[in-house]
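Accompanying notes for the structure given below.
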Amino acid sequence: MAAYISMGEAHRRITEYLNRFSDAVSYQDGKTLCRLVSVSSDSAVLVSLAEALNTFQDANRLFRQSEKYSQYADILLPMFRALQSYRLRNLVESYMAFEKASNAFLQEFRNWESAWALEALYMIAYEIRILAEKADIELASIGKTPEKLKGAGSFLMKVFGVLAGKGPKRVGALYVTCQLFKVYFKLGTVHLCRSIIRSIETARIFDFEEFPVRDKVTYMYYTGRLEVYNENFPAADHKLSYALTHCNAQKEANIRMILKYLIPVKLSIGILPRQLLLDKFNLMRTTTISLSNILDGDMDTTQYMHYDSKMIKSIYRGTTKYSDVVLALKRGDLRLLRHALQEHEDRFLRSGVYLVLEKLELQVYQRLVKKIYIMQKQKDPNKAHQIKLDVIVKALKWLEIDMDLDEVECIMSILIYRNLMKGYFAHKSKVVVLSKQDPFPKLNGKPVNS
Amino acid sequence: MATASADINVSFLPNQMRISALKFHYGFRLGMATEQAKPATEEAKVDLFEDDDEFEEFEIDQEWEDKEEGNEVTQQWEDDWDDDDVNDDFSLQLRRELESNTEKK
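Heads up: the protein sequence lines correspond to chains A and B, in order. Read in our numbering, the first sequence has 272 at position 42, and its numbers run on one by one without any break. Read in our numbering, the second sequence has 489 at position 97, and its numbers run on one by one without any break.
And the structure:
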């Protein structure tokens with residue numbers, strides 16, 4: 231609710247903001263400038279400015295009065311409109327005004343030689359995405375086509391163009407890239423990431439390691455997810471592991487998201503997470519933390535509850551459901567693997583890891599046959615390398631999987647073909663004859679042959 | 393990136409799994425290939441605004457000590473799990489099962 235304020239007070243507040251803004255530019259104070267453009271934040275300065283703008287209708291006049299202010303009119307007039315509309319929850323209007331302000335800001339930024347205003351540009355890049363998302367929700371709710379997030383994507387591409395050249399501003403290119411990834415993943419147009427990635431990864435003028443760690447982690451998370459979709463597991467492993475190693479340990483939700491993709495990737499190359507990793511981010515622990523935070527006070531509980539439920543959702547979708555998959559691999563328990571896949575089918579499909587997990591089936595077959603082999607070896611070492619197919623059929627039947635001899639023969643041929651098993655197949659006598667040397671080659675961090 | 397072939401081998405899967413896997417696989421590929429994948433159903437339309445796994449924003453001025461060594465989470469992987477131990481419950485049951493069946497023959 232807007233408090234009533236006098237015309238004089240309104241005038242004072244607006245002039246104060248204008249002075250802060252122009253001082254921040256004159257003194258090249260990026261941090262202050264950053265705070266002054268964060269339209270969707272609830273900062274006291276901006277809330278009180280919005281109240282003043284509601285009272286003092288003709289802000290135009292203030293700009294005309296002094297040249298000190300008028301040079302920023304192209305940025306600040308639409309910025310004021312964006313702020314006012316945002317506080318009145320006219321989100322589409324707010325977005326459109328903010329886009330105008332952002333274009334004007336980018337124009338100025340281009341002319342500034344040093345990179346002092348990068349933080350403010352980051353804030354604009356972040357704000358435009360957030361405002362566009364909110365505007366699109368508003369558009370969808372009144373039955374119109376949501377198109378603002380796409381528009382924000384185009385603006386961010388422009389920003390990327392300004393930063394991606396040579397010079398000191400280049401260090402900011404990765405932040406904008408990450409904002410673009412978030413836009414494209416949300417819109418389902420991830421193929422658009424390709425050209426930016428090429429530009430980041432082929433640029434020899436700039437070493438990737440020189441970007442801020444915050445942006446490197448986010449970048450590796452998103453490109454890692456893309457590699458999962460492309461089924462390029464060694465690359466996905468490299469990128470997601472990088473993100474895991476360098477991620478701020480305090481950001482548990484992010485670590486959980488990295489693990490959500492990294493665990494299936496590791497499994498597919500024959501590497502298992504230790505129980506501790508599966509436990510580390512489980513439901514119990516996080517709930518305890520959240521509850522104690524709420525009890526500690528100083529937090530808007532309703533807002534926090536929302537966050538909390540989101541968090542719990544993300545944990546459910548996170549690591550806990552991988553425990554059965556891991557156990558299935560260790561045991562050679564095909565039934566358990568299929569059960570786990572079926573139980574979480576929706577979520578696995580949604581996140582795109584389903585195909586990765588379903589390919590583990592071959593590794594589970596391998597483990598099962600290996601166990602049978604070891605048992606035979608313990609009983610009679612001389613005959614161990616011959617495994618009768620009907621023994622495997624029996625084992626599968628015990629796991630409630632009905633397969634006839636032909637089907638099992640087919641599976642065994644695939645195992646041999648994919649180099650998960652060394653040996654040959656005696657079709658007539660229905661026996662697999664295993665190699666005496668290393669009959670079950672380990673993956674050793676490489677994906678299964680395709 | 394995005395050079396992977398468009399085909400997958402799902403032949404070793406049971407029918408019902410095969411269908412859902414293919415549906416997903418090709419659905420996704422098509423989405424990647426077309427500039428503007430128009431949502432066909434209500435559900436897909438909702439999906440346009442969803443990414444369940446959107447990375448949480450790090451604060452713009454947030455920095456942290458970036459250390460590779462001693463980072464607990466990076467050491468929690470094992471690649472030597474595939475041992476010859478068949479004394480776990482599952483293996484014991486499997487052995488009992490296979491032996492009882494052989495005797496019946």
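All residues carry an ideal CB built from backbone N, CA and C; glycine is no exception.
query	result
Interface partners of A:ALA466 on chain B, CB under 8 Å	The contacting residues do not exist; A:ALA466 stays about 10 Å from chain B at best.
Cβ of A:ARG444 within 8 Å of any chain B Cβ	yes
DSSP state of A:GLN314 mapped onto helix, strand, coil	helix
A:GLU482 versus A:THR475 - alpha carbon distance	13 Å
A:GLU377 - partner residues in DSSP beta bridges	Answer is none; A:GLU377 lacks a bridge partner.
Pair within 8 Å by beta-carbon distance, A:LEU585 and A:LEU559	no
Range covered by the beta strand (DSSP E) that runs through A:TYR654	653-656
Cβ pair A:MET450, B:ASP445 closer than 8 Å	no
C-beta atoms of A:GLY701 and A:LEU673 nearer than 8 Å	Nothing can be reported for residue 701 of chain A: it is not among the residues displayed for chain A, which extend from 231 to 680.
Expected contact under 8 Å - CB spacing of A:SER315 and A:ALA327 to nearest Å	6 Å
Amino acids of chain B, ordered along the chain, whose beta-carbon sits closer than 9 Å to that of A:GLU349	ILE452, ASP453
8 Å Cβ cutoff met for A:LEU362 and A:LYS388	Checking the sequence, you will find Ala at residue 362 of chain A rather than Leu. No. Outside cutoff.
Beta carbon proximity, A:THR448 to chain B, threshold 8 Å	yes
Where B:ILE452 falls: helix, strand or coil (DSSP)	coil
Strand pairing of B:TRP469, partner residues [DSSP]	A:PRO503
Separation of A:LEU248 from A:TYR299, as counted between CA atoms	7 Å
Chain-ordered chain B contacts of A:LEU502 [CB-CB under 8 Å]	TRP469, GLU470, ASP471, TRP473
Residues of the stretch 342-369 of chain A whose Cβ lies closer than 8 Å to any Cβ of chain B, in chain order	GLU349, TYR352, MET353, TYR356, GLU363, ASP366, ILE367
Assigned exposure category for A:ARG218 - 16 Cβ within 10 Å defines buried	An answer regarding residue 218 of chain A cannot be provided, because it is not within the stretch 231 to 680 covered by chain A.
Host alpha helix (DSSP H) of A:LYS601 (start-end)	590-609
Residue range of the alpha helix (DSSP H) that includes A:ILE617	No alpha helix (DSSP H) holds A:ILE617; the beta strand (DSSP E) holding it covers 616-618.
Alpha carbon of A:GLN301 to alpha carbon of A:THR407, nearest angstrom	30 Å
CB contact check: A:ALA614 to chain B, cutoff 8 Å	no
Three-way DSSP call (helix, strand, coil) for A:LEU673 in this model	coil
Below-8 Å beta-carbon distance, A:LYS601 vs any chain B residue	yes
Nearest neighbour of A:GLY338, chosen from A:SER371, A:PHE411, A:VAL255, A:LEU313 [CA to CA]	One point to set straight first is that residue 338 of chain A is Glu, not Gly, in the sequence displayed. Ranking A:SER371, A:PHE411, A:VAL255, A:LEU313 by Cα distance to A:GLU338 puts A:VAL255 first.
Interface flag, A:HIS476 vs chain B, CB-CB below 8 Å	yes
Beta-carbon spacing of A:ASN649, A:ASN679 below 8 Å	yes
CB contact below 8 Å: A:ILE604 versus chain B	yes
Residue range of the alpha helix (DSSP H) that includes A:VAL447	443-459
8 Å CB neighbourhood of A:ASP634 in its chain, flanking five on each side removed	VAL623
Residues near B:GLU457 by beta carbon distance below 6 Å, same chain, minus five either side	none
Coarse secondary structure for A:VAL621, derived from DSSP in three states	helix
Coil, strand or helix - A:VAL267 by DSSP	coil
Per-residue DSSP class, three states only, for A:VAL556	helix
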